[in-house]
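According to our numbering, the sequence shown is numbered sequentially starting from 1. Glycine included, C-beta positions come from ideal geometry on N, C-alpha and C. Working notes for the structure below.
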Amino acid sequence: MSEPLIIAVPSKGRLKEQVEEWLADCGLKLSIAGGARGYMAELKGVSGVQVRLLSAGDIAEAIDAGEVHLGITGEDLLRERAGALEDRALLLRPLGFGRADLVVAVPKSWIDVDTMADLEEVAHDLLARNGRRMRVATKYLVQTRAFFARHGIADYRIAESGGATEGAPAAGAAELIVDITTTGATLVANGLKILSDGIILKSQAQLTAALRADWSDAQLAAAEGLLRVIEARATAHDSATLVWPAQDDDDALVETLVSAGAVPRPNGLLTPVDMVARAAGVLTAAGRGPVTASRPDFVFDTRCAPFDALRTRLGKI
Numbered sequence: 001m002s003e004p005l006i007i008a009v010p011s012k013g014r015l016k017e018q019v020e021e022w023l024a025d026c027g028l029k030l031s032i033a034g035g036a037r038g039y040m041a042e043l044k045g046v047s048g049v050q051v052r053l054l055s056a057g058d059i060a061e062a063i064d065a066g067e068v069h070l071g072i073t074g075e076d077l078l079r080e081r082a083g084a085l086e087d088r089a090l091l092l093r094p095l096g097f098g099r100a101d102l103v104v105a106v107p108k109s110w111i112d113v114d115t116m117a118d119l120e121e122v123a124h125d126l127l128a129r130n131g132r133r134m135r136v137a138t139k140y141l142v143q144t145r146a147f148f149a150r151h152g153i154a155d156y157r158i159a160e161s162g163g164a165t166e167g168a169p170a171a172g173a174a175e176l177i178v179d180i181t182t183t184g185a186t187l188v189a190n191g192l193k194i195l196s197d198g199i200i201l202k203s204q205a206q207l208t209a210a211l212r213a214d215w216s217d218a219q220l221a222a223a224e225g226l227l228r229v230i231e232a233r234a235t236a237h238d239s240a241t242l243v244w245p246a247q248d249d250d251d252a253l254v255e256t257l258v259s260a261g262a263v264p265r266p267n268g269l270l271t272p273v274d275m276v277a278r279a280a281g282v283l284t285a286a287g288r289g290p291v292t293a294s295r296p297d298f299v300f301d302t303r304c305a306p307f308d309a310l311r312t313r314l315g316k317i
């Protein structure tokens, strides 16, 4: 029997719930072995797939090491691993949930500090006056160092944070922080503000492929089956079908709408959702009607862009 495609999904918390909801929307039910506390699962709706339930951080580590083929976790965690992400993993699809920003935040009392350039001056002045480097509390060492280097800031040191990072300035453990925030409310409550150009990453959950994993032909075929379902559902969310009583001289109308972004179908058109009213208006103005718009459940195409990208990166064209 062929080895299964291994996909890692979050084992707990709101992100686990969101992943389960997303999979269910795609017609893929996650069935956890061993009850609610199990760490293995099946994905009903596709074959040849084994699911592992891991923490979000462990998923990023497993993708990095090639211990799983696919994983769902935050982009911030994926980019915090050493080395260029593009050499280790391929982001296949942003999922639209698990959103959070990785930001540089300073005390609100620093009224003259609004940009990274201002921060460079603070770091220089602090070193000149007190002979010590500006301290940055963070758990995100890799991205902090890369971002500060891009802005030419060198006079600082990282104070690794093991707890509530946002409280470090008030506790005297650091002058500023780099941390994840969803609404900014916790930063405000701790007397902090985000620098105007201090957004390091706008993160969200990503369906990601591990480039260092061993990929057999069977595992790649299972990935194709899974990705085609996911892409078909995503396309359906953004699409609508238009049908009307056909006439012999419809070709010019169809050609006009196709040039505007519609896709011809044997019995009508597939259009982006935000084009439905405009396309229906063109048709009814030309005397076609009634025009019926409906939403498809899935739209399967001959090509699957994420799978094509994965196959190319793996050299299995």
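> So, helix, strand or coil for Gln247, using DSSP?
Replying inline: As a position in the sequence shown, residue 247 is number 247, starting the count at 1. Gln247 falls in the coil class under three-state DSSP.
> Quick one: Cα of Leu141 to Cα of Gly98, how far?
Replying inline: Here residue 141 refers to the residue found at position 141 of the sequence shown. Here residue 98 refers to the residue found at position 98 of the sequence shown. Going by C-alpha positions, Leu141 is about 21 Å away from Gly98.
> Is it true that the CB of Met116 sits closer than 8 Å to the CB of Asp197?
Replying inline: Working through the sequence shown from its first residue, we reach residue 197 at position 197. Working through the sequence shown from its first residue, we reach residue 116 at position 116. In this structure, Asp197 lies near Met116, with their beta-carbon atoms less than 8 Å apart.
> Taking DSSP as the reference, what is the three-state secondary structure of Glu345?
Replying inline: Residue 345 lies beyond the stretch modelled for the chain, which goes from 1 to 317, so this question has no answer here.
> At what residue ranges does the region 91-117 contain a whole run of the alpha helix (DSSP H), taking only runs of 4 or more?
Replying inline: If we require 4 residues or more, the region 91-117 turns out to have no alpha helix (DSSP H) run fully inside it.
> Under a Cβ-count criterion, where at least 16 other Cβ atoms within 10 Å of its own Cβ denotes burial, should Ser203 be classed as buried or exposed?
Replying inline: Numbered from 1 along the sequence shown, position 203 holds the residue referred to as residue 203. Buried, because 16 or more other Cβ atoms sit within 10 Å of the Cβ of Ser203.
> In terms of residues, what are the limits of the alpha helix (DSSP H) holding Lys16?
Replying inline: The count along the sequence shown starts at 1 and reaches residue 16 at position 16. Segment 13-25, the alpha helix (DSSP H) holding Lys16.
> Just checking, does the region 216-223 make contact with the region 168-182 on the three C-beta pairs under 8 Å criterion?
Replying inline: no
> So does the region 237-252 actually touch the region 271-280, counting three or more Cβ pairs closer than 8 Å?
Replying inline: yes
> Taking Cβ positions, are Ile59 and Pro107 nearer each other than 8 Å?
Replying inline: Sequence index remark: in the sequence shown, residue 59 carries index 59 (1-based). Sequence index remark: in the sequence shown, residue 107 carries index 107 (1-based). Contact: no.
> Per the contact definition of three or more C-beta pairs closer than 8 Å, is the region 56-71 in contact with the region 206-213?
Replying inline: yes
>> Looking only at its chain, what residues have a beta carbon closer than 6 Å to the beta carbon of Lys193, apart from the 5 residues adjacent to it on each side?
In response: By 1-based counting over the sequence shown, the position of residue 193 is 193. Only Lys108 meet the Cβ criterion.
> Can you name, in chain order, every residue of its own chain whose Cβ lies under 8 Å from the Cβ of Cys304, other than the five neighbours on each side?
Replying inline: Here residue 304 refers to the residue found at position 304 of the sequence shown. Cβ within range, chain order: Glu224, Leu227, Arg228, Glu231.
>> Helix, strand or coil, according to DSSP, for Arg265 in the structure here?
In response: Your numbering for residue 265 matches position 265 in the sequence shown. Here Arg265 sits in strand by DSSP.
> Can you name the start and end residues of the alpha helix (DSSP H) that Gly198 belongs to?
Replying inline: Translated into positions along the sequence shown, residue 198 becomes position 198. Careful: Gly198 lies outside any alpha helix (DSSP H), inside the beta strand (DSSP E) at 192-203.
>> Relative to the C-alpha of Gly261, which candidate in Ala246, Arg278, Ala234 has its C-alpha closest?
In response: On the sequence shown, residue 261 is found 261 positions in, with the first residue counted as 1. Nearest C-alpha to Gly261: Arg278.
> If Trp244 sits next to Pro296, beta carbons under 8 Å apart, how far is it from one beta carbon to the other, in whole angstroms?
Replying inline: Position 244 of the sequence shown holds residue 244. Position 296 of the sequence shown holds residue 296. Not confirmed; about 17 Å, so no contact.
> Which residue spans inside the region 265-305 form an unbroken beta strand (DSSP E) run of at least 3?
Replying inline: 268-272, 292-294
> Would Thr181 pass as a contact of Ala137 if the rule is Cβ separation under 8 Å?
Replying inline: Indexing the sequence shown from 1 puts residue 181 at position 181. Indexing the sequence shown from 1 puts residue 137 at position 137. In this structure, Ala137 does not lie closer than 8 Å to Thr181 by Cβ.
>> According to DSSP, is Glu42 part of a helix, a strand, or is it coil?
In response: Working through the sequence shown from its first residue, we reach residue 42 at position 42. In the structure shown, Glu42 sits in a strand (DSSP, three-state: E or B).
> Which residues in the same chain have their Cβ closer than 7 Å to the Cβ of Ala170, if we skip the five residues on either side of it in sequence?
Replying inline: Taking the sequence shown and counting its residues from 1, one reaches residue 170 at position 170. Hits under 7 Å: Asn190, Gly191.
> Per DSSP, Lys316 is paired with what?
Replying inline: Within the sequence shown, the letter at position 316 stands for residue 316. Looking at the DSSP assignment, Lys316 forms no beta bridge with any residue, so it has no partner.
> Given a threshold of 16 other Cβ atoms within 10 Å of its Cβ, counted over all protein chains shown, does Asp101 qualify as buried or as exposed?
Replying inline: For the purposes of this step, residue 101 is taken as residue 101 along the sequence shown, with counting starting at 1. Classification of Asp101: buried, given that the 10 Å Cβ count is 16 or more.
> Which stretch, first to last residue, makes up the beta strand (DSSP E) that contains Leu5?
Replying inline: Here residue 5 refers to the residue found at position 5 when the sequence shown is read from its first residue. Where Leu5 is concerned, the enclosing beta strand (DSSP E) stretches over 5-10.
> CB-CB under 7 Å to Ser161, same chain, minus the five flanking residues each way: which ones, in chain order?
Replying inline: Position 161 of the sequence shown, counted from the first residue, corresponds to residue 161. Scanning its chain for C-beta atoms nearer than 7 Å, with the 5 sequence neighbours on each side dropped, one finds around Ser161 the residues Ala137, Thr138, Lys139, Ala168, in chain order.
> For Thr183, is the classification buried or exposed, using 16 other Cβ atoms within 10 angstroms of its Cβ as the cut-off for buried?
Replying inline: Walking along the sequence shown from the start, residue 183 turns up at place 183. Residue burial is scored here from C-beta neighbours: Thr183 has fewer than 16 other C-beta atoms within 10 angstroms and is therefore classed as exposed.
> Between the Cα of Ala234 and the Cα atoms of Glu3, Arg93, Ser31, which residue gives the shortest distance?
Replying inline: Residue mapping note: residue 234 aligns to position 234 of the sequence shown, counting from 1. Of the candidates Glu3, Arg93, Ser31, the one whose C-alpha sits nearest the C-alpha of Ala234 is Arg93.
> Can you tell me the Cα-Cα spacing of Gly281 and Gly287, whole angstroms?
Replying inline: For this step, residue 281 is matched to residue 281 along the sequence shown. For this step, residue 287 is matched to residue 287 along the sequence shown. Rounded to whole angstroms, Gly281 to Gly287 spans 10 Å at the Cα level.
> Under a three-way DSSP split, which group does Val51 fall into?
Replying inline: Mapped onto the sequence shown, residue 51 falls at position 51. Three-state result, Val51: strand.
> Of the residues Arg157, Gly152, Asp179, Glu3, which one's Cα is nearest the Cα of Gly163?
Replying inline: The residue given as residue 163 occupies position 163 in the sequence shown. Per the Cα distances, Asp179.
> Using a Cβ-Cβ cut-off of 8 Å (strictly less than) and excluding sequence neighbours within five positions of Val299, which residues of its own chain qualify?
Replying inline: Translated into positions along the sequence shown, residue 299 becomes position 299. Around Val299: Ala232, Thr235, Ala236, Ser239, Leu270.
>> Contact defined as beta carbons within less than 8 Å: I believe Ile63 pairs with Leu78. What is the distance between those atoms, to the nearest angstrom?
In response: Residue numbering aside, residue 63 sits at position 63 when the sequence shown is read from its first letter. Residue numbering aside, residue 78 sits at position 78 when the sequence shown is read from its first letter. Yes, Ile63 and Leu78 are in contact; Cβ-Cβ is about 7 Å, under 8 Å.
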